[in-house]
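See structure below.
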Amino acid sequence: MSSSSPGYQTHQSCVAIRGADDLQIRSLLDRQQYADPHGEAAASGFSAANWPLFGVLWPSSLQLAAHMLTRPLTPGERILEVGCGLALASLVCHRRGDDVTASDAHPLTLNFLAENVLLNDLMPLPYRHGDWAVRPDDAAHDRHQVVDGRYNVIMGSDVLYERDEPGHLAGFIERHACSTAEVIIVDPNRGNRSAFTRRMVAQGFLLNETHLNTPEADGLPYRGRLLRYSRT
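Under the working numbering, the first residue of the sequence shown is numbered 12, with each subsequent residue one higher.
So this is what it looks like as structure tokens:
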């Protein structure tokens with residue numbers, strides 16, 4: 012089912028996640044969508060080419076959601092999803108009772124998250140603006156409710172798709188990870204993985220890497236890696 016919103020088209024579909032009940036998800040109709048009438052996305056660094064990426068269902072997000080279901084519920088554990096996009100992993104964690112916060116820098120992410128929470132009859136899911144390049148004292152914090160505090164678990168899927176020469180993502184993680192923490196990244200074999208790992212090791216994390224070849228719930232093949240960085 013598809014529908015039109017101001018400047019872009021959306022699609023609602025039933026998304027199968029291995030080990031969980033299906034989710035009803037509103038996403039962008041395709042990667043050709045673009046609408047930034049007030050320039051908010053451009054001001055946040057989103058070009059016309061990467062504007063729609065937040066609103067597309069990506070295979071790595073399904074893999075992360077399925078993996079998070081295998082983790083035991085831990086009382087008091089705080090989880091943060093970075094670059095959440097449609098926030099599938101956050102939604103499945105939230106539905107099972109985890110204390111999870113979703114974050115992204117795209118100006119429409121919160122709108123899509125709020126609608127998908129309603130579509131699945133869930134309680135509100137905490138969301139914070141998370142621009143990895145923005146320091147805590149940046150003026151952007153006056154415009155958004157931003158990620159603050161520290162988390163026991165930080166997770167993300169396909170967040171290494173762009174070169175990050177300044178190390179913004181690793182720096183963001185360092186600012187928001189507890190001294191003892193786990194960082195879980197599902198990566199579809201991107202070339203930027205090694206540079207990110209070097210920065211994480213410099214911050215005291217150890218890497219445990221697992222090759223992923225488990226088909227998705229819809230039977231489609233997947234090739235990638237589960238990167239688990241731990242610091243004790």
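Beta carbons are placed, not taken as given, at the ideal position from N, Cα and C, and that holds for glycine.
Asked: Please state whether DSSP places E28 in a helix, a strand or coil.; Found: The amino acid occupying residue 28 in the given sequence is Ile; Glu does not appear at that position. Correct three-state label for I28: coil.
Asked: State the DSSP-derived secondary structure class of R236, mapped to helix, strand or coil.; Found: strand
Asked: Mind checking who I184 pairs with in its DSSP beta bridge?; Found: According to DSSP, I184 bridges with nothing at all.
Asked: Given a cut-off of 7 Å on the beta-carbon distance, is the pair D109 and I90 in contact?; Found: yes
Asked: Under a Cβ-count criterion, where at least 16 other Cβ atoms within 10 Å of its own Cβ denotes burial, should Q74 be classed as buried or exposed?; Found: buried
Asked: Need the endpoints of the alpha helix (DSSP H) that H78 sits in, please.; Found: 70 to 79
Asked: Let's test the definition: count the other Cβ atoms within 10 Å of the Cβ of R106 and tell me whether it reaches 16, buried, or not, exposed.; Found: buried
Asked: Counting C-beta neighbours from all protein chains within 10 Å, is the total for P63 16 or more, i.e. buried, or is it exposed?; Found: buried
Asked: Using C-beta distances below 7 Å, list every residue in its chain close to P232, excluding the 5 sequence neighbours before and after it, in chain order.; Found: P226
Asked: Please go through the same chain and pick out, in chain order, the residues whose beta-carbon is closer than 8 Å to the beta-carbon of M12, but skip the five residues on each side of it.; Found: Residue placement at M12 is flagged as unreliable, the pLDDT there being 49, under the threshold of 50; the coordinate-derived value follows with that caveat. Excluding sequence neighbours, M12 sits near H22, Q23, S24.
Asked: Could you tell me which residues DSSP pairs with Y138 in its beta bridges?; Found: A113
Asked: Going by Cα to Cα distance, which pick from T85, H155, W143 is closest to L119?; Found: H155
Asked: Please list, in chain order, all residues of the same chain as L218 whose beta carbon is under 6 Å from its beta carbon, the five residues on each side excluded.; Found: T208, Y240
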